[in-house]
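Quick note, the sequences are listed as chains A and B, same order. Numbering follows the UniProt record's numbering, in which position 95 of the first sequence is assigned residue number 95; successive positions increment by one, without gaps. Numbering follows the UniProt record's numbering, in which position 10 of the second sequence is assigned residue number 10; successive positions increment by one, without gaps. Where is the CB? At the ideal position from N, CA and C, for every residue including glycine. Here the structure is a predicted model, which is why all the values come from computation and not from measurement.
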Amino acid sequence: MIWQQLQSLAGSYPLALRGLGMTVMLSLISLVLGTLIGFGLGILRTGGNRLISGLIGAWVDLIRGTPFLVQIFLIFFILPELGIELDAFTAGIIALTNLAACFICEIVVAGIRSVPTGQVEAALASGLSRWHRMRQVVLPQAMRIVLPPLVGQYVLLIKDSSVVSAIGLTDLTRVGWLVVQRVPNGLLVFFLVGLGYFIVCYPLIMLARRLEQRMGAAHGEVQL
Amino acid sequence: MTNPSKGRTGMIEFRGVNKWFGALNVLKDITLSVEPREVVVVCGPSGSGKSTLIRCINGLETIRDGDLVVDGQRLGDPATNMTRLRTEIGFVFQSFNLYPHKTALENVTLAPIHVRKIPRAEAEKAGRELLAKVGLADKVNAYPAQLSGGQQQRVAIARCLGMRPKIMLFDEPTSALDPEMISEVLDVMVAVAEEGMTMMVVTHEMGFARKVAQRVVFMDAGAIVESGTPDEFFSHPKTDRSRAFLSKILRH
Chain A
1 MIWQQLQSLA GSYPLALRGL GMTVMLSLIS LVLGTLIGFG LGILRTGGNR
51 LISGLIGAWV DLIRGTPFLV QIFLIFFILP ELGIELDAFT AGIIALTNLA
101 ACFICEIVVA GIRSVPTGQV EAALASGLSR WHRMRQVVLP QAMRIVLPPL
151 VGQYVLLIKD SSVVSAIGLT DLTRVGWLVV QRVPNGLLVF FLVGLGYFIV
201 CYPLIMLARR LEQRMGAAHG EVQL
Chain B
1 MTNPSKGRTG MIEFRGVNKW FGALNVLKDI TLSVEPREVV VVCGPSGSGK
51 STLIRCINGL ETIRDGDLVV DGQRLGDPAT NMTRLRTEIG FVFQSFNLYP
101 HKTALENVTL APIHVRKIPR AEAEKAGREL LAKVGLADKV NAYPAQLSGG
151 QQQRVAIARC LGMRPKIMLF DEPTSALDPE MISEVLDVMV AVAEEGMTMM
201 VVTHEMGFAR KVAQRVVFMD AGAIVESGTP DEFFSHPKTD RSRAFLSKIL
251 RH
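Here it is as structure tokens:
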């Protein structure tokens with residue numbers, strides 16, 4: 001019987017690849033967008049404007065304090081009620097990007113706050129503009145603190161992307177659900193699904209670990 | 001509010017400046033004028049407000065009332081571009097504050113390249129010359145962590161000079177240094193003073209004060225208590241507080 005199941009599973013190979021592709025695509029796009037937006041939010045959050053900082057803080061708390069599944073439902077089912085029609089893929093990207101941006105914002109804020117005040121004062125005293133202070137002095141030093149948890153966050157993001165199967169996107173997890181209807185061996189099917197995620201995540205886990213070890217060695221900036 | 005026409009205007013002019021940290025009056029009614037090319041040494045017990053005084057000049061601290069005019073521009077005035085004014089003022093910190101992720105040369109060239117918009121090659125040439133001038137020609141590519149305290153402070157001075165400032169402020173530049181490194185930093189400061197830089201130096205180094213300062217200002221509890229030539233001040237202090245202070249720093 002197990003032999004038949006394996007044969008049947010082998011036949012689902014193209015579908016599995018499509019699912020894996022969807023998972024990687026969703027993760028990659030929201031990872032890039034989320035990183036950009038997260039850095040932007042983090043820089044604004046520490047920028048000294050109380051109102052902007054407060055608004056970002058409130059939004060981040062809201063997103064961190066609600067289940068991701070609920071956020072996806074809100075975006076996919078509630079926005080159309082307000083006249084904003086979204087396909088599942090766009091909704092998934094928006095939800096994942098938003099989630100990633102909020103967590104990355106917190107990571108970036110912690111990194112920026114870890115840079116000693118004396119560094120900012122030295123940059124101020126030499127007349128560097130806000131942008132150059134950030135770009136040349138603060139961020140390179142903040143990256144020491146930011147990089148390891150940032151890569152860790154990417155791993156979480158890839159795993160969280162499995163939630164988008166709930167709105168009908170055929171990602172790796174949904175492929176599992178589809179296949180298990182033909183091959184009634186949940187243990188085997190979802191073992192393979194889990195393996196698929198692990199193969200994508202493991203290199204990142206290794207990278208995070210290496211970055212952490214390198215922190216002590218660099219002169220203040222992380223060289224990849 | 002600025003009255004440049006009214007009498008001589010110094011490079012740095014404090015007129016009735018007050019500053020509070022909460023309920024604490026850290027600067028009390030400070031009136032002080034520093035002429036171009038003048039070197040003023042500020043001393044006093046710790047907590048007397050001397051660091052705060054010079055940190056106000058480049059806007060690292062803000063004042064509550066009174067006027068502070070630097071290079072003809074009144075601080076706190078909306079017309080004063082603080083970022084631009086800061087490019088004319090070098091500031092040397094007690095703890096050096098070199099950028100740890102940049103080499104000595106990069107520390108020196110960063111602001112000239114990004115603020116003064118000097119082409120990189122030109123900035124690097126000038127940077128090498130400055131580092132040679134402070135005796136660190138062989139440390140151009142060293143990172144701060146690879147340098148001793150005295151070397152780091154000399155890089156910090158070169159970093160300020162790279163902007164060709166009109167004013168240099170020193171906030172206890174030698175008090176974080178091991179004794180054997182103090183003179184190498186003071187020598188560089190003397191050289192800068194002798195080139196005619198307007199300087200305010202918070203320090204207890206009497207040898208430096210006697211050598212290059214035109215004036216010593218003694219502060220206590222946020223106020224200027226006494227001011228005079230180094231000779232007057234060190235040999236014949238006029239107030240009990242300055243005598244008590246001097247007896248403490250002269251004891252060893």
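Counted as a single uninterrupted DSSP element, the stretch harbouring A/Thr170 is not any beta strand (DSSP E), since DSSP gives it neither H nor E.
With distances taken between CA atoms, B/Cys43 lies nearest to B/Val217 out of B/Lys248, B/Val217, B/Ser235.
Look at B/Lys125 here: in three-state DSSP terms it is helix. Counting along the chain, the unbroken beta strand (DSSP E) around B/Leu24 starts and ends at 24-34.
For the stretch 107-138 of chain B, the set of residues with a beta-carbon nearer than 8 Å to any beta-carbon of chain A comprises Leu110, Ala111, His114, Val115, in chain order. The C-beta distance from B/Asp178 to B/Gly149 rounds to 6 Å, short enough to fall under 8 Å. Under the three-state reduction of DSSP output, B/Ala223 falls in the strand class. Of all residues in the stretch 36-64 of chain B, only Asn58, Leu60 come within less than 7 Å of chain A when Cβ atoms are compared, listed by chain position. Excluding its 5 nearest sequence neighbours in each direction, B/Glu124 has C-beta neighbours in its own chain below 8 Å: Leu105, Thr109, listed in chain order.
Straight across, the Cα-Cα distance linking A/Phe76 with A/Ile167 is about 7 Å. Spatial neighbours of B/Gly127 in its own chain (CB-CB distance under 7 Å, excluding positions within 5 residues in sequence) are listed in chain order as Leu105, Val108, Thr109, Gly162. Under the Cβ distance rule, A/Ser126 counts among the residues neighbouring chain B, one pair being separated by less than 8 Å. Put simply, the CB of A/Ser114 is far from chain B, with every gap to its CB atoms at 8 Å or more.
Between A/Ala123 and A/Arg135, the C-beta gap is not smaller than 8 Å, which leaves the two residues out of contact. With respect to A/Gly38, A/Ala91 sits apart: the two C-beta atoms are not nearer than 8 Å. If you compare the alpha carbons of B/Leu169, B/Asn25, B/Gln153 with that of A/Ala125, the shortest gap goes to B/Leu169. Counting C-beta pairs closer than 8 Å gives three or more between the stretch 54-61 of chain B and the stretch 83-98 of chain B, which meets the contact rule.
Secondary structure of B/Glu88 (DSSP, three-state): coil. A Cβ-Cβ contact shorter than 8 Å links A/Gly42 with A/Val109.
At least 8 Å separates the beta-carbon of B/Asp220 from that of B/Arg243.
Contact of A/Glu121 with chain B by beta-carbon distance below 9 Å involves Arg55, Leu60, Phe91, Phe93, Asn97. Assigned with DSSP and collapsed to three states, B/Arg64 falls in coil, not helix or strand. When DSSP states are grouped into helix, strand and coil, B/Gly149 belongs to the helix group. Shown here, B/Gln94 sits in coil according to DSSP, grouped into three states, outside any helix or strand. Per DSSP, B/Val201 lies in no alpha helix (DSSP H); the unbroken beta strand (DSSP E) holding it starts and ends at 198-202. Exclusion of the five residues before and after B/Val26 leaves Lys19, Gly49, Thr52, Gly222 as the residues of its chain whose Cβ lies within less than 6 Å of its Cβ. The Cβ-Cβ distance between A/Leu96 and A/Leu86 does not fall below 8 Å. Here the alpha carbon of A/Trp131 sits roughly 41 Å from the alpha carbon of A/Gly19. For the stretch 34-49 of chain A, there are no residues whose beta carbon sits under 9 Å from a beta carbon of chain B. In the DSSP assignment, B/Asn107 falls within the alpha helix (DSSP H) that extends over 104-114. Annotation: B/Glu38 is outside any beta strand (DSSP E) and is labelled neither H nor E by DSSP. Contact annotation for B/Thr198 against chain A: no contact, minimum CB-CB distance about 16 Å [criterion: below 7 Å]. Spatial neighbours of A/Ile56 in its own chain (CB-CB distance under 8 Å, excluding positions within 5 residues in sequence) are listed in chain order as Leu41, Leu44, Arg45, Cys105. Within chain A, Ser126, Gly127 have C-beta atoms less than 9 Å from the C-beta of B/Met163, given in sequence order.
By the criterion of at least three beta-carbon pairs nearer than 8 Å, the stretch 74-88 of chain B is not in contact with the stretch 185-205 of chain B.
Identification of chain A residues near B/Arg84 by a Cβ-Cβ cut-off of 8 Å yields Gly127, ordered along the chain.
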